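A.B. asks:
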Amino acid sequence: MPKPTILLALDPHGTALCAAIKRQLLQLPNAQSRLIQAYTLTWDGQTFGFSSELDKFADASFDLALTNARQASVSQLSNQFQQAAKDLQTTLIDLIKSVNQSPEAIAAKNAGVDISSWYRIYIMFSANDHRARELVFELSRLIHWLFNVYFADVPHSLEAFILLPGLFAQARTEDYSAAYQLLKELDDKMTKGVVIRNTQKRPPFDNCWLIDERIGELGVNLDSYADAFAGLLTVEAETGGLLIGAHTVRGKLPAYSAFGYGELFFPADIVIERLSTALAGDIITQEFLPPAKLTPEANRQLLLDAKEFVLSEDYHDALQQLERDNGKPVWQDFSPRLDLRPGQTQEYGMELQRAYQQFENKELISYKRTLESCGKQAQFALNKLLDQKINQYVDATTSGLHEAVRLSNVLNNPYLELQTESISDRPENLITELRAAEAFLDTRLQIKINQENSQKLLNQFFTLKSQRQQLQDTVSANSSELLNQDLQKIQEQLRLVVTDYHQAINTEIEQIRQTRSLAIEDARAKALTEISQTQKQLHYLENQYEIATDQLNELIAEENRFRSLYLVVFPAVVAIAVIGILLITGLFSQSTLWVLLQQIGVNLFNYLIWGLISILGYLGIVWLKYSTTIRDRIQKAQKQIKRLESSLKANGVELRRNYNERLKLEYDIYAQNIRVEVVNYLIKMSKQKTETLRQTLSNFSQLYDILTTQHDKASTNYSETRLAVLTNSDIDIYYHQNILKTLPINKFTQEEVSRSQAWQIPATEFQNKLVLFAKKQFEHLSKLSIGDVLKSDLITENTASVRLNQLYNSAKLLLRLQDTDAHLNPTSQPEITLWVGAKDKEEILRLYSRFNRAVTPFVAEDERNLCVLVRSLGFPAYFLSQIEFYRDCYERTQKEASAQDSQIPDLIPEEISSSRELTLAYDTLLLAIALELISPNSQNNYQFNNQLLGREREKIVHALATDFTHQELYGEITERVESFEHDLIYQQLEKLEKFAKDFTPYERKRLTRLITQYSPLN
966 MPKPTILLAL
976 DPHGTALCAA
986 IKRQLLQLPN
996 AQSRLIQAYT
1006 LTWDGQTFGF
1016 SSELDKFADA
1026 SFDLALTNAR
1036 QASVSQLSNQ
1046 FQQAAKDLQT
1056 TLIDLIKSVN
1066 QSPEAIAAKN
1076 AGVDISSWYR
1086 IYIMFSANDH
1096 RARELVFELS
1106 RLIHWLFNVY
1116 FADVPHSLEA
1126 FILLPGLFAQ
1136 ARTEDYSAAY
1146 QLLKELDDKM
1156 TKGVVIRNTQ
1166 KRPPFDNCWL
1176 IDERIGELGV
1186 NLDSYADAFA
1196 GLLTVEAETG
1206 GLLIGAHTVR
1216 GKLPAYSAFG
1226 YGELFFPADI
1236 VIERLSTALA
1246 GDIITQEFLP
1256 PAKLTPEANR
1266 QLLLDAKEFV
1276 LSEDYHDALQ
1286 QLERDNGKPV
1296 WQDFSPRLDL
1306 RPGQTQEYGM
1316 ELQRAYQQFE
1326 NKELISYKRT
1336 LESCGKQAQF
1346 ALNKLLDQKI
1356 NQYVDATTSG
1366 LHEAVRLSNV
1376 LNNPYLELQT
1386 ESISDRPENL
1396 ITELRAAEAF
1406 LDTRLQIKIN
1416 QENSQKLLNQ
1426 FFTLKSQRQQ
1436 LQDTVSANSS
1446 ELLNQDLQKI
1456 QEQLRLVVTD
1466 YHQAINTEIE
1476 QIRQTRSLAI
1486 EDARAKALTE
1496 ISQTQKQLHY
1506 LENQYEIATD
1516 QLNELIAEEN
1526 RFRSLYLVVF
1536 PAVVAIAVIG
1546 ILLITGLFSQ
1556 STLWVLLQQI
1566 GVNLFNYLIW
1576 GLISILGYLG
1586 IVWLKYSTTI
1596 RDRIQKAQKQ
1606 IKRLESSLKA
1616 NGVELRRNYN
1626 ERLKLEYDIY
1636 AQNIRVEVVN
1646 YLIKMSKQKT
1656 ETLRQTLSNF
1666 SQLYDILTTQ
1676 HDKASTNYSE
1686 TRLAVLTNSD
1696 IDIYYHQNIL
1706 KTLPINKFTQ
1716 EEVSRSQAWQ
1726 IPATEFQNKL
1736 VLFAKKQFEH
1746 LSKLSIGDVL
1756 KSDLITENTA
1766 SVRLNQLYNS
1776 AKLLLRLQDT
1786 DAHLNPTSQP
1796 EITLWVGAKD
1806 KEEILRLYSR
1816 FNRAVTPFVA
1826 EDERNLCVLV
1836 RSLGFPAYFL
1846 SQIEFYRDCY
1856 ERTQKEASAQ
1866 DSQIPDLIPE
1876 EISSSRELTL
1886 AYDTLLLAIA
1896 LELISPNSQN
1906 NYQFNNQLLG
1916 REREKIVHAL
1926 ATDFTHQELY
1936 GEITERVESF
1946 EHDLIYQQLE
1956 KLEKFAKDFT
1966 PYERKRLTRL
1976 ITQYSPLN
């Protein structure tokens, strides 16, 4: 059952470790980890407090040299703490309450987690930290008092985490001395107890956990220690703690404990991440990023494919639709329904001009809009065709993306002819199509292009290229410095020719564009001139027609007068004259008239014949005169009028045609602009697609780098304490030996995203699909337990045994203990507790029993974790393996023992203390110096019988007591000392005490004891 837990740090190093523990707890999914709150004790020189901002007060350098330099006088710190205890009570009460009322605790309760009413409080501090030493006992008393008074019904435990100096790299003798002094005081208070309320006493701590450098230095192995503490805090709540009783070992209270923690777990998310990023990276490199082939054959194929694209039927059909609307030509000639009638030329011209303006303002604009629409359709069709070509290239091979980039470069190369192998080749691409579109009206505009300069340079280029090829073949067969120099010269000449050719082409293009611009203006001016000339001609013909008409009318009037004169007037005069003669004859002689009438009557027929002949003769003479004088002129006038009428109609038609040509010129110019715009658009889109392809390749390269980084970050290297069942090497071996053999890499492009789709979708979408696909291939791993992994093909059987062995070793105690008196305290024997999933329990116990059979199993909530907690509960402080070294440092640094320290029993029982030999050696050395058996020479090196012993007395003592090679010498010195009388020894000791000025306090203390020992009064 999870227990509310408070972790208090008293010094910067403990705070840094607590911060690391808190970070590790955040990664654990169990409920207990969310119920652990960490704080650090703060002191600004005046007030005390607790802060959860651990990093702010932590010293992650773990450098004791810096800490010692910052240590100020703390002699009055305990008094200041007592004075501030009242204010600190409120803070501690709020802190204790907050553990069970934190958002994490509330969330756990809402999730149905049953939280224990037992509170656990841990105080962490460095054993050598003076401030912690001054405050720890007062703080423990205050916490016990608060629970006794304000939380009497709340069960709790208060334990200490003591960081020994061996954890720090810069530990000095003074640090070990301070640690020993703290342990002495702690051991004394654990034995006697501290006052909690009135006369009520109890030990300051329910348990004291000692931590040493078993894993290594704390600064180097911070994560390992943090994992060990996090494991203890999360799983130890389920086990029984230490019960301190009256039982002692050699008179010492077994109030100390040590622990070791190891965890073997299956980081499924990390494994899946590492495998999926490896798979995704291989998909990228093998399916999307293989480079294109850079061979002459591949280059020729690209040129042919580019030419095939622009010459394809689909391409030309798309361009043909530029001037067709629903299959019909966009342009319809200017043909107004106007008839040119003689005498109405001016009206006809005005109507025609009005119709022209109306056509220009309405139909021509409509045609242009239709061209725009057709142009958009052509752009869409050509862009779609280009997409199809690129997609075809992209999907063809795994290097399709690079190949498509090269094809796009060929399609947009303005100097494509330089890529061919012969001058006779006629490559075509979108640039040649653009030039053809720009030259669409050249024939009509009578534009001639002068390409003599560029053609000359092109010929020179191919000549040099041929020479270079010959030289390269010669050099490959027989290399020489002269040939290489010639080859370099040709290379330089080629470079210059290419540069000149580029400039010549650009100059010609600019000149042609200027020429076309001028030609268009000339064509427009010429069209207007033709219209004006036709109009003038039409007016001239109109005038001629009017003159001819007037002449004809005059001739017709003359004809009428001629007819009236010769056909009416003259015959009437003759008839009147004959009738008049007959009347006059009858008036003067009726007989004569009668005879004449009889004569006429008798010869009437003859008279009629002669009369008819006379009339016909007359008429003939009149016709002859008419024909020679009038009729020919009338006919000529009529013919001239008809000819003028025809000319007028022809000029009317010509004028209409001129207007039509003028409109058609504007239409053609606009159509050409649209055609150029369409090709330019296609070139623009091709360049955009090229850039998109390049960007896609760049994105894929970046994505590969991201995947590689993620793959490297997806590491199962955690710490010496928290071990992953699969190492990075295991995962990579499994991937290469199992996954790549069973999972085809091209499955992604076949089932998820093809290469042709990949470059057309956003990079994030592609990345999401790729990552999702890759993770799907390994999602079954997330369901495996630790036992499943140990038996699966993810790991070999031998490696599985190695991992369990590593778990066993990683869970060893974080403190080195001596087992000399272990038989006197059976409870301190290490106990092993194992947490494993229910379904793997029997199998894991069977495997782990090879290392230790005394294992207590618990069922773990997370089946992917295998946790081992090793505890040694209840041993006296002298079980610490380095306790003799601690005491030696303590004795060497103590100038004068304080009254309090002198009353505190030593940690090590006298009967087993190894320092006794050192004390005897020290006493023997001092006696030998006093008796002048050992004396310093001129260089201050001590010697005995002319045998050098060294300069430092402490090292000489250590050598005499522990060094095998000095044992005979040690025995000889002892025998010589014992041969002297006690009185003489006493006198020599007093003399040494007076004149010895460089003795350490410890040496003076030993000297005083010797004087007392050899005093005649004893």
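The working numbering numbers the first residue of the sequence shown as 966 and each following residue consecutively.
Quick reminder that beta carbons are idealized off the backbone N, C-alpha and C, glycines included.
All values reported here derive from a predicted model rather than from experimental measurement.
(1) In chain order, what residues of the same chain lie with their CB nearer than 7 angstroms to the CB of Ile1001, ignoring the 5 residues before and after it?
(2) Quick check on the DSSP output: the beta strand (DSSP E) that includes Asn1356 runs from which residue to which?
(3) Count the CB pairs spanning the region 1022-1031 and the region 1717-1724 that are closer than 8 angstroms, and state whether there are at least three.
(4) Closest to Phe1046 by CA distance: which of Lys1074, Leu1006, Leu1029, Ser1017 is it?
(5) Alpha carbon to alpha carbon, how far is Val1833 from Ser1757?
(6) Of the residues Tyr1084, Leu1589, Asn1625, which one's Cα is nearest the Cα of Arg1528?
(7) Locate the alpha helix (DSSP H) running through Tyr1084, then write down its first and last residues.
(8) Quick check on Ser1651: does DSSP put it in helix, strand or coil?
(9) Check whether the Cβ atoms of Leu1128 and His978 sit closer than 8 angstroms, and answer yes or no.
(10) Does DSSP put Ala1037 in a helix, in a strand, or in coil?
(11) Count the other CB atoms within 10 Å of the CB of Gln1048; is the residue buried (16 or more) or exposed (fewer)?
(12) For Asp1059, tell me which candidate among Asn1044, Ile1760, Phe1116 has the shortest Cα-Cα distance.
(13) Nearest-angstrom Cα distance between His1676 and Ala1243?
(14) Of all the alpha helix (DSSP H) runs that stay within the bounds of the region 1717-1743, which reach a length of 4 or more residues?
(15) Please classify Gly1340 as buried or exposed, where buried requires at least 16 other C-beta atoms within 10 Å of its C-beta.
(16) Take the Cβ of Gln1330 as the centre, count every other Cβ of all protein chains shown within 10 Å, and call the residue buried at 16 or more, exposed below.
(17) In whole angstroms, what separates the C-alpha of Arg1621 from that of Phe1299?
(18) Can you round the beta-carbon distance between Lys1777 and Val1835 to whole angstroms, since I take them to be within the 8 angstroms contact cut?
(19) Since Trp1110 sits in a beta bridge, which residues does DSSP pair it with?
(20) For the 8 angstroms Cβ check, are there 3 or more pairs between the region 1173-1184 and the region 1909-1916?
(21) With Leu1148 and Ala1195 assumed to form a contact (beta carbons below 8 angstroms), what rounded beta-carbon distance in angstroms separates them?
(22) Considering only the beta carbon of each residue, do Phe1844 and Gln1783 sit closer than 8 angstroms?
(23) Under a three-way DSSP split, which group does Ala1125 fall into?
(24) Return yes when the Cβ of Leu1053 is within less than 8 angstroms of the Cβ of Leu1107, no when it is not.
(25) Here's a check: name, in chain order, each residue in its chain whose Cβ is nearer than 7 angstroms to the Cβ of Ala1926, leaving out the five neighbours to either side.
(26) So, at 7 angstroms on beta carbons, what are the nonlocal neighbours of Asp1888 in its own chain, with the 5 sequence-adjacent residues on each side left out?
(27) Can you list, in chain order, the stretches of the beta strand (DSSP E) that have 3 or more residues and sit fully within the region 1871-1924?
(28) Three or more beta-carbon pairs under 8 angstroms between the region 1699-1711 and the region 1212-1222, yes or no?
(29) Helix, strand or coil for Tyr1932, going by three-state DSSP, please let me know.
(30) Hey, would you say Phe1405 sits closer than 8 angstroms to Gln1637, going by beta carbons?
(31) What does the alpha-carbon distance come out to for the pair Tyr1669 and Ala1245?
(32) Alpha carbon to alpha carbon, how far is Glu1099 from Val1160?
(33) By DSSP's criteria, Ser1222 is part of a beta bridge. Which residues make up the other side?
(34) Tell me whether Tyr1004 sits in a helix, a strand or coil according to DSSP, three-state version.
(35) Residue range of the alpha helix (DSSP H) that Glu1955 falls in?
(36) Do you know offhand how far Asn1525's Cα is from Leu1581's?
C.D. replies: Let me spell this out:
(1) Thr970, Leu972, Leu990, Leu1198
(2) Per DSSP, Asn1356 belongs to no beta strand (DSSP E); it is in the alpha helix (DSSP H), 1329-1361.
(3) No, the region 1022-1031 does not touch the region 1717-1724.
(4) Leu1006
(5) Going by C-alpha positions, Val1833 is about 22 angstroms away from Ser1757.
(6) Leu1589
(7) Unbroken run through Tyr1084 is the beta strand (DSSP E), 1084-1091; no alpha helix (DSSP H).
(8) helix
(9) In this structure, the beta-carbon distance from Leu1128 to His978 falls below 8 angstroms.
(10) Unreliable positioning characterises Ala1037 in this predicted model, as indicated by a pLDDT of 43, which lies under 50. The coordinate reading is nonetheless provided below. Reduced to three states, the DSSP call for Ala1037 is coil.
(11) With fewer than 16 neighbouring CB atoms inside 10 Å of its own CB, Gln1048 falls in the exposed class.
(12) Residue Phe1116 is the option with its Cα nearest to Asp1059.
(13) 6 angstroms
(14) Positions of the alpha helix (DSSP H) runs, each at least 4 residues long and wholly inside the region 1717-1743, are given as 1720-1723, 1728-1741 in order along the chain.
(15) buried
(16) In the sequence under discussion, the amino acid at residue 1330 is Ile, which differs from the Gln named in the question. Burial call: exposed.
(17) 8 angstroms
(18) 7 angstroms
(19) Trp1110 pairs with nothing; no bridge assigned.
(20) no
(21) Not really, about 26 angstroms apart at Cβ, beyond 8 angstroms.
(22) yes
(23) strand
(24) yes
(25) Within its own chain, the residues whose Cβ lies closer than 7 angstroms to the Cβ of Ala1926, once the five positions on either side in sequence are excluded, are Glu1882, Leu1883, Ala1886, listed in chain order.
(26) Arg1971, Leu1975
(27) 1899-1901, 1907-1909, 1912-1915
(28) no
(29) The identity of residue 1932 in the sequence shown is Gln, whereas the question assumes Tyr. Looking at Gln1932 - three-state DSSP - the assignment turns out to be helix.
(30) yes
(31) Computed Cα separation, rounded: 8 angstroms.
(32) 16 angstroms
(33) Trp1174, Leu1838
(34) strand
(35) 1947-1960
(36) 20 angstroms
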